[in-house]
Amino acid sequence: MPHALNEKPTVLMVADLGSSASKVFYRVGGGATLPLWMGAEVAPNLSQAVLTQFRGSTRPQDSAWLELGDQVVLVGESAKTCLESNSIRANKSELAAYKIAAALGVAAELESLPNSFEAVLWLALPLTELGTRDAIRTQVEAICQSGFRFRGEPLQIGLTMQAFPEGFGLYLNRKGELDAVGQDINQRRTLIVMMGHRNLSVLCFDGGSLRAAGSNSNGPGFWPMFEKAARSAGVTQPDYGFLMAAIASNQPQQLSVARGRLFDFSEPMTACLDTYWQAVLTYWQDQVMPQLEAVNTEVIISGGASSILRARLSAYFTELGLSQRVLFTEGGPRRLEALVQGLPESAQIPSMTLRMADSYGLFRGLIGTLDSVAV
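1114 is the number of the first residue of the sequence shown in my numbering; add one for each residue after it.
Given below as structure tokens:
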């Protein structure tokens, strides 16, 4: 979208900086809502010499780098060349400022924005990381106001940032669904259960307000359970990706690097699923079940790891007679599905719509409520 030189457009953006990918939605002014999917890797403190391999016409989200003075920072796919692996266990706020600056740079290049523009950012953070929001805000505002180069182009951005808890977008999605059929979400208790790779989070909304006493982010994540079970089953780290693929696709026959041939991962698959299920079940019984005493309580289950246990969870809720009170986020609104299908990555990541539903709900819900309940 071309802009006149004397314009100073405003980018509205929501970012969910997940441990496996950054899920971003943005729009410029009153334009269309657009999605971005970027890798989660960050490689900071590099020299200019590293940039020789990135000169080309690739998409900016696939070849993103920042220049901050003499320092070069690679973000996303480009960072993979300088990292052995992305540490999925790292606190994702540590390098959040670089990821945010890169996402803004991508939007600037794709939309042909001028070198100076304004941005309003809404950042989704886990409950346990909301305390880092001021540190993230300070660092990213300093980067944007001081100016940096994105893929060689100088940018200076006037940034305003607010933080919201992960899962709030799903609550807003559900509120919109109920509003459409004349029901008031404020008349019920809503539990948002986010089953992520690093942790499991619960947000409890009563009467339209977040209830801190019923909310936490200390539930078991899939990745720690996966690592524990994989090691016990004799699977080495080079095969972790293939074991993950076997679990995600329910196809146990996968290539094994360690063995140099196709291998049947059935036993380690079962071990990983059993280990994760037992951890989730214990957490559910201790943390979630006590909140279901009110008959008007509804549970919404989402998150990238929820599909892994979908069959077991469904059977469990049916056995308890709770199936009518539990909703699984299959994907999202049709508009979201259409947006996601436009991303090339969606062909390789069937769960992409599910994984972007929270950030999409947050973006749509906050477009008209800039003075809302930021924490």
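All residues carry an ideal CB built from backbone N, CA and C; glycine is no exception.
| Asked | Found |
| --- | --- |
| DSSP-derived helix/strand/coil call for residue 1491 | Residue 1491 falls outside the range modelled here, since the chain spans only 1114 to 1488, and no answer is possible. |
| Separation of residue 1222 from residue 1422, as counted between CA atoms | 40 Å |
| Collapsed DSSP secondary structure at residue 1311 in the structure displayed | coil |
| Exposure of residue 1374, with buried meaning 16 or more beta-carbon neighbours within 10 Å | exposed |
| Classification of residue 1198 by the beta-carbon crowding that lies within 10 angstroms, buried from 16 upward | Caution is warranted here: a pLDDT of 46 is assigned to residue 1198, below 50, making its placement in the model unreliable, and no coordinate value can be reported. |
| Touch test, the segment 1226-1239 against the segment 1149-1167, Cβ-Cβ under 8 Å, three pairs minimum | no |
| Residues bridged to residue 1268 [DSSP beta-bridge criterion] | 1261 |
| Beta-carbon gap between residue 1438 and residue 1412 smaller than 9 Å | yes |
| Residue 1455, buried or exposed, once every other Cβ within 10 Å from all chains shown has been counted against 16 | exposed |
| Residue environment, residue 1172, which counts as buried when at least 16 other CB atoms sit within 10 Å | exposed |
| Euclidean distance between Cα positions of residue 1180 and residue 1269 | 12 Å |
| Those residues which DSSP pairs with residue 1317 across a bridge | 1304 |
| C-beta atoms of residue 1284 and residue 1220 nearer than 9 Å | no |
| Candidates 1167, 1458, 1314 and 1298, of which the one nearest residue 1321 by Cα | 1298 |
| The segment 1254-1267 contacting the segment 1350-1367, beta-carbon criterion three pairs below 8 Å | no |
| Member of 1274, 1388 and 1353 whose CA lies at the smallest distance from the CA of residue 1372 | 1353 |
| Beta-carbon proximity of residue 1277 to residue 1475, cut-off 9 Å | yes |
| First and last residue of the uninterrupted beta strand (DSSP E) at residue 1158 | 1155-1159 |
| Integer-rounded CB distance, given that residue 1128 should sit under 8 Å from residue 1234 | 6 Å |
| Reference residue 1309; option with closest CA among 1409, 1256, 1144 and 1280 | 1280 |
| Outcome for residue 1242 when other beta-carbon atoms lying within 10 angstroms are tallied against a minimum of 16 | buried |
| Cβ-based burial, residue 1174 [other Cβ within 10 Å; buried from 16] | buried |
| Own chain, CB closer than 7 Å to residue 1252, minus 5 neighbours either side, in chain order | 1210 |
| Burial state of residue 1433 (16 or more Cβ within 10 Å) | exposed |
| Option in 1403, 1420 and 1357 with minimal Cα separation from residue 1385 | 1357 |
| Member of 1324, 1303 and 1328 whose CA lies at the smallest distance from the CA of residue 1315 | 1328 |
| Nearest-angstrom beta carbon gap, residue 1388 and residue 1342 [assumed within contact, 8 Å] | 4 Å |
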